[in-house]
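S.K.: Chains as they are written, first to last, in the UniProt record's numbering: chain A, 1 to 476; chain B, 1 to 202. Where a beta carbon is used, it is the ideal one built from N, C-alpha and C, also for glycine. Quick one: structure below, then a few questions.
The following block contains the structure:
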């Protein structure tokens, strides 16, 4: 074990990194121990092939947890999966985890859901750990003070076989979120405002740590939303120091430590926050008090603006490459430069995903929907992030709030965030979506996506257009 | 094991767009495939094939560029989803070197494991190189010499460790490197780690 001089203040990132170094390689990379690995059906079939071809077994099966989420249908779960490719892929995951003795939550299980909702829910995600998953939104788990990052299929195989990965230490970026968010402003809006400020790959090579009074005041769900979206600014890793909110969320979770081990773990976790005086490579400040509800207008998450702003005008942009990109995005989105984004008609609303599919998100949306109806001609879906989220929401009667208003209430999964399971936009359709990516074709070929918060998505559903939720609440 | 990459000289394809995400490179609906066959057919699919199945005008379908092994891209190439299929599809089509101002972090990590060399050069240089590519120049990459040439003239050095040159040259798989050389150290670390944080091993 490397003992570092105690007088040198360290960041949370440095503490997590240093405590997992197996070996420094000659080429400047580091072999890092990986405590935990989340698996889903889409990014692992080829990883298991790599293992099986070499006759390898998982190094530590209990360090893994698998659950199908990306390709699974969100209705008709009593029947076999209709799409033969999705059915084969989901079946392959079952075969693979059976053969290798990997802990598994099947599609029929009440705990099934999106990996990034299930991990924290089960207490599989803990502070102080390293966690990998074949999904870029693995940054979500950094909300617990875990060094969590997305990897490709090859690295999924390596983690299973060796419990370690060669990585390069990231530079650090502290994002200080000060002030108090105004009414109708959520973690999603803070995330979109930050991505607009940094750019879609502006934080590449960096691990972000969110700090400040506004962060301390956030629930774990909101912290997960914020960390989830860090990858949309290019940061593979996002972190929030664990505190009482973190411990209260985790205590009693099925896979969290119990009894004396819980006490020992919490004592260790309390040593993780960045030391006073620790240095970061970059510092960014975001005044939460100045952030309005945000919405994206274009085809990159960086194309985010306040709901009371206008679609940018490429003619007013000096850089020709940037002007060209704006023109292309405006054309794809079927918008008009310089026009207010509010009032843009939508035909689809998607509430769900690893970004905004948790209980607090559904509550926020339901609060706006209660007593109102989905606008004529709008198809609106609520897809809970997990079966447990769904059950909790039903216990609170949220499902009835949604269904009575005209929403569809579905089973848990990634659904229309990645549009691999049949839930998708048709060409030219326009969605208000609580997911994380508005890329061309992300929600279906030719589909047009506007990213926003659950409350803003609910406002869009009941008005049929992108709407400032604050004006709606004033009317209610 | 990926095909060895030591040196090459071919024409280059330019795609100067900003933030070419991995959904553009490899649309999500093809992620349902459980093998690695036919990846090249999915590459940039929705840019190459229209909704009615009609061929769109795309450099990856230009017969004059069919042998190109170099891609000159814009900033943020490979940002977004972690799907390794984006890398497999590029390599399957024949691309071995991508030059861009910067890359998505996960894409770059995946590339290194599949013998796809990512070369970071300043945005101005990339724009110049894209214009040279469009004009039909031949791009040379020599890993042992650590040099990038265009029509025989050196334009940039390659920042590569000896280990990286060897890994590209021999097409090593990272999994074998770790299991053959480092597993004992992993086990030693694991024993210490278990003693420090026993709750992770309950």
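1. Using the C-alpha atoms, what's the distance from residue 67 of chain A back to residue 308 of chain A?
2. When DSSP labels each residue in this structure, what does residue 475 of chain A get in the three-state scheme?
3. According to DSSP, is residue 66 of chain A part of a helix, a strand, or is it coil?
4. Check the DSSP bridge columns for residue 351 of chain A and list the partner residues they point to.
5. Just by C-beta distance, which residues in the stretch 25-59 of chain B are closer than 8 Å to chain A?
6. Across the stretch 200-216 of chain A and the stretch 74-91 of chain B, are there enough close Cβ pairs to call them in contact, namely three or more that are closer than 8 Å?
7. Once you ignore the five residues that flank residue 235 of chain A on each side, which residues in its own chain have a CB closer than 6 Å to its CB?
8. Spell out whether any CB of chain B is found under 8 Å from the CB atom of residue 477 of chain A.
9. Could you tell me whether the stretch 139-147 of chain B touches the stretch 164-174 of chain B, using the rule of 3 or more Cβ pairs below 8 Å?
10. Write down every uninterrupted run of the beta strand (DSSP E) in the stretch 212-254 of chain A whose length is 3 residues or greater and which is fully enclosed by it, in chain order.
11. Going by other Cβ atoms of all chains shown within 10 Å of its Cβ, with 16 needed for buried, is residue 117 of chain A buried or exposed?
12. Using CA atoms only, rank isn't needed, just tell me which of A:287, A:254, A:245 and A:48 is closest to residue 269 of chain A.
13. Under the DSSP definition of a beta bridge, which residues are partnered with residue 133 of chain A?
14. Check whether the Cβ of residue 22 of chain A lies closer than 8 Å to any Cβ atom in chain B.
15. Should residue 336 of chain A be labelled buried (16 or more other beta-carbon atoms within 10 Å of its own) or exposed?
16. Using the Cα positions of residue 40 of chain B and residue 92 of chain B, report the straight-line distance between them to the nearest angstrom.
17. Assess contact between the stretch 117-128 of chain A and the stretch 144-151 of chain A, defined as three or more Cβ pairs (one per stretch) separated by less than 8 Å. Is contact present?
18. Less than 8 Å between the beta carbons of residue 221 of chain A and residue 86 of chain A, yes or no?
19. Mapping DSSP to helix, strand and coil, what is residue 404 of chain A?
20. Cβ atoms of residue 45 of chain B and residue 27 of chain B: under 8 Å apart, would you say?
21. For the structure I just gave you, are there three or more beta carbon pairs, one from the stretch 290-303 of chain A and one from the stretch 326-340 of chain A, closer than 8 Å?
22. Closest by CA to residue 289 of chain A, which one among A:229, A:323, A:56 and A:186?
23. Name the two residues that bound the continuous beta strand (DSSP E) containing residue 308 of chain A.
24. Going straight from the alpha carbon of residue 476 of chain A to that of residue 470 of chain A, what length do you get?
25. Taking the alpha carbon of residue 29 of chain B as the point to measure from, which residue in A:89, A:430 and A:287 has its own alpha carbon closest?
26. Is the stretch 281-288 of chain A touching the stretch 251-265 of chain A, taking contact as three or more C-beta pairs under 8 Å?
27. Could you check where the beta strand (DSSP E) with residue 12 of chain B kicks off and where it finishes?
28. Run through DSSP, which three-state label would residue 178 of chain A get?
29. Is the Cβ-Cβ distance between residue 32 of chain A and residue 167 of chain A less than 8 Å?
30. Grab me the residues of residue 88 of chain B's own chain with a C-beta within less than 6 Å of its C-beta, minus the 5 sequence neighbours each way, in chain order.
31. Between residue 475 of chain A and chain B, is there a C-beta pair that is closer than 8 Å?
32. Compute the Euclidean distance between the alpha carbons of residue 61 of chain B and residue 50 of chain B, then round it to the nearest angstrom.
33. In three-state terms, what does DSSP make of residue 269 of chain A?
34. Leaving out five residues on either side along the sequence, give the residues of the same chain with a beta carbon under 7 Å from the beta carbon of residue 311 of chain A.
35. Closest to residue 8 of chain B by CA distance: which of B:102, B:134, B:96 and B:180 is it?
36. With a CB to CB cut of under 7 Å and the five nearest residues on each side skipped, what residues in its chain are close to residue 158 of chain A?
M.R.: Quick answer:
1. To locate residue 308 of chain A, count along the first chain from 1; it is residue 308. To locate residue 67 of chain A, count along the first chain from 1; it is residue 67. One C-alpha to the other measures close to 40 Å.
2. On the first chain, position 475 is the one that residue 475 of chain A refers to. With a pLDDT of 48 at residue 475 of chain A, under the threshold of 50, the modelled position of that residue is not reliable, and no figure is offered here.
3. Sequence index remark: in the first chain, residue 66 of chain A carries index 66 (1-based). The answer is strand: DSSP assigns residue 66 of chain A an E or B state.
4. The count along the first chain starts at 1 and reaches residue 351 of chain A at position 351. Partner(s): A:382.
5. 27, 28, 29, 31, 32, 33, 34, 35, 36, 46 and 51
6. yes
7. On the first chain, residue 235 of chain A is found 235 positions in, with the first residue counted as 1. These residues qualify, in order along the chain: 203, 206 and 208.
8. What is shown of chain A runs 1 to 476, which leaves residue 477 of chain A out entirely.
9. yes
10. 237-239
11. Numbered from its first residue, the first chain carries residue 117 of chain A at position 117. Label assigned to residue 117 of chain A: buried.
12. If you number the first chain from 1, residue 269 of chain A lands on position 269. Closest option to residue 269 of chain A, Cα to Cα, is A:245.
13. Taking the first chain and counting its residues from 1, one reaches residue 133 of chain A at position 133. BP columns for residue 133 of chain A point to A:38 and A:150.
14. By one-based count along the first chain, residue 22 of chain A stands at place 22. Chain B, which has a Cβ nearer than 8 Å to the Cβ of residue 22 of chain A, makes this yes.
15. The residue labelled residue 336 of chain A in the question sits at position 336 within the first chain. With fewer than 16 other Cβ atoms within 10 Å, it is exposed.
16. Residue numbering aside, residue 40 of chain B sits at position 40 when the second chain is read from its first letter. Residue numbering aside, residue 92 of chain B sits at position 92 when the second chain is read from its first letter. Cα to Cα, residue 40 of chain B sits roughly 5 Å from residue 92 of chain B.
17. At 8 Å Cβ cutoff, the stretches touch.
18. Indexing the first chain from 1 puts residue 221 of chain A at position 221. Indexing the first chain from 1 puts residue 86 of chain A at position 86. No, Cβ-Cβ distance for residue 221 of chain A and residue 86 of chain A is not below 8 Å.
19. Reading the first chain from its first residue, position 404 is the one you call residue 404 of chain A. Note: residue 404 of chain A maps to helix in three-state DSSP.
20. Here residue 27 of chain B corresponds to residue number 27 of the second chain, with the count starting at 1. Here residue 45 of chain B corresponds to residue number 45 of the second chain, with the count starting at 1. The answer is yes: Cβ separation under 8 Å.
21. Verdict: yes, contact present.
22. Stepping through the first chain from its first residue, residue 289 of chain A is reached at position 289. It is A:186.
23. For the purposes of this step, residue 308 of chain A is taken as residue 308 along the first chain, with counting starting at 1. Looking at the DSSP string, residue 308 of chain A is not in any beta strand (DSSP E), and its letter there is neither H nor E.
24. One-based indexing of the first chain puts residue 476 of chain A at position 476. One-based indexing of the first chain puts residue 470 of chain A at position 470. Reliability of the predicted coordinates at residue 476 of chain A is poor, the pLDDT of 48 falling under 50, and the value obtained from them is presented with this limitation in mind. Taking the straight line joining both Cα atoms gives about 10 Å.
25. The residue you call residue 29 of chain B lines up with position 29 of the second chain. Of the candidates A:89, A:430 and A:287, the one whose C-alpha sits nearest the C-alpha of residue 29 of chain B is A:89.
26. no
27. Mapped onto the second chain, residue 12 of chain B falls at position 12. Note, residue 12 of chain B: beta strand (DSSP E), 7-15.
28. Residue 178 of chain A sits at position 178 when you count from the first residue of the first chain. The answer is strand: DSSP assigns residue 178 of chain A an E or B state.
29. Translated into the one-based positions of the first chain, residue 32 of chain A becomes position 32. Translated into the one-based positions of the first chain, residue 167 of chain A becomes position 167. Yes; because the gap between Cβ atoms is below 8 Å, this pair is in contact.
30. The residue labelled residue 88 of chain B in the question sits at position 88 within the second chain. Excluding positions up to five away in sequence, the list reads 36 and 39.
31. On the first chain, position 475 is the one that residue 475 of chain A refers to. Low local confidence applies: a pLDDT of 48 at residue 475 of chain A is under 50, so the model's placement there is unreliable, with the coordinate-based value given in what follows. No, residue 475 of chain A lies away from the interface with chain B (no Cβ there is under 8 Å from its Cβ).
32. Stepping through the second chain from its first residue, residue 61 of chain B is reached at position 61. Stepping through the second chain from its first residue, residue 50 of chain B is reached at position 50. Between residue 61 of chain B and residue 50 of chain B, the C-alpha separation is close to 13 Å.
33. Sequence index remark: in the first chain, residue 269 of chain A carries index 269 (1-based). Helix, per DSSP.
34. Start at 1 with the first residue of the first chain, and residue 311 of chain A comes out as number 311. So the list reads 297, 330, 335, 336, 337, 338, 339 and 341, once near-sequence residues are dropped.
35. On the second chain, residue 8 of chain B is found 8 positions in, with the first residue counted as 1. Ranking the options by Cα distance to residue 8 of chain B, first place goes to B:96.
36. Residue 158 of chain A sits at position 158 when you count from the first residue of the first chain. Same-chain partners within the cutoff: 165.
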